[in-house]
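Structure, as structure tokens:
Number of protein chains: 2
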Amino acid sequence: MQEEQIFRALADPTRRAMFEALARSERTVSELRRRFSISQPAVSQHIATLRRVGLVRERRQGRFSRYRAEPTGLSPLIGWIDRYRTFWPERLERLQGVLKDLEP
Amino acid sequence: MQEEQIFRALADPTRRAMFEALARSERTVSELRRRFSISQPAVSQHIATLRRVGLVRERRQGRFSRYRAEPTGLSPLIGWIDRYRTFWPERLERLQGVLKDLEP
DNA sequence: TATCCACATAAGTAGTTGCTTATATTGAGA
DNA sequence: TCTCAATATAAGCAACTACTTATGTGGATA
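Protein chains in written order, with the numbering used here: chain A, 340 to 443; chain B, 340 to 443.
What follows is the structure, given as structure tokens:
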């Protein structure tokens, strides 16, 4: 999936919030509807957009559809940004620190 | 500047391309106009948007305005993405490699 | 000072987007 | 099988966006 679609999908605040919620835990459309005060179709449409660009995965379970975020879908976005990290030594250092902490 | 504005600014492909061009070198509006086949006002409007969200800086020089990218303006975007890097060991490793190359 | 030139701003417009209500579709249980 | 519950799709609409042309502003030069 191209970076173009990813950027557009994440430009909407509601969709970004949904991705965040789905990164924390798997949820159904109804659950998302409760959390965001928009109609059920609106939720389905946002999910469809996120799914189309590879940011969300579906897991069918009977008449329920459980959705969860697919962080690897951010790959094009990260790829784009990494081109500009080299301009940014300070930030790189911070990130380096984070990486060190993650080393076992 | 909030991540909201940054995402919206970069969602447009022309604006993203302009940011990329301005990251490579400083340019005037006229120079950008030549590179992108849109009107001069359209260029000015895109620049204004990028400037408003802190992604581009102006350097006045007589009647010319020279613009260049401000990579630190990507900070909110990077901050947002970093929240999901932890879900992504493979990518982290690759990045770690990149960082190693930059060390000396 | 008169006139370009580089750029910004204003105003109008066609296309896109995010929402709504209405209507399928499909599975589970009485 | 009949009905309800969970979700998807269709259709319509108001708001936003990215563009255009027209015009304003201020620096440089004759």
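Heads up, the beta-carbon is just placed ideally off N, CA and C, and yes, glycines get one too.
All values reported here derive from a predicted model rather than from experimental measurement.
- Per the C-alpha coordinates, the member of A/423, A/392 and A/421 positioned closest to residue 348 of chain A is A/392.
- For residue 395 of chain B, the uninterrupted beta strand (DSSP E) run begins and ends at 395-400, by DSSP.
- With fewer than 16 other Cβ atoms from the protein chains shown falling within 10 Å of its own Cβ, residue 387 of chain A counts as exposed.
- Counting only the Cα atoms, residue 407 of chain A lies some 35 Å from residue 390 of chain B.
- Proximity of the region 341-361 of chain B to the region 348-358 of chain A meets the contact definition, three or more beta-carbon pairs being nearer than 8 Å.
- Counting only Cβ-Cβ distances below 7 Å, residue 423 of chain B has contacts in chain A at 362, 410 and 413, in chain order.
- The residues 375, in chain order, have a CB closer than 8 Å to that of residue 356 of chain A in the same chain once the five nearest residues on each side in sequence are set aside.
- Taking the CA atoms as reference points, residue 354 of chain B sits about 36 Å from residue 398 of chain A.
- Contact residues of the region 356-381 of chain B toward chain A are 362 (C-beta to C-beta distance below 7 Å).
- Taking a contact as a CB-CB distance under 8 Å, the pair residue 370 of chain B and residue 394 of chain B does not count as one, their CB atoms being some 18 Å apart.
- For residue 383 of chain A, the uninterrupted alpha helix (DSSP H) run begins and ends at 379-391, by DSSP.
- The beta-carbon distance between residue 416 of chain B and residue 343 of chain B, rounded to whole angstroms, is 11 Å. This is too long to meet the 8 Å contact definition.
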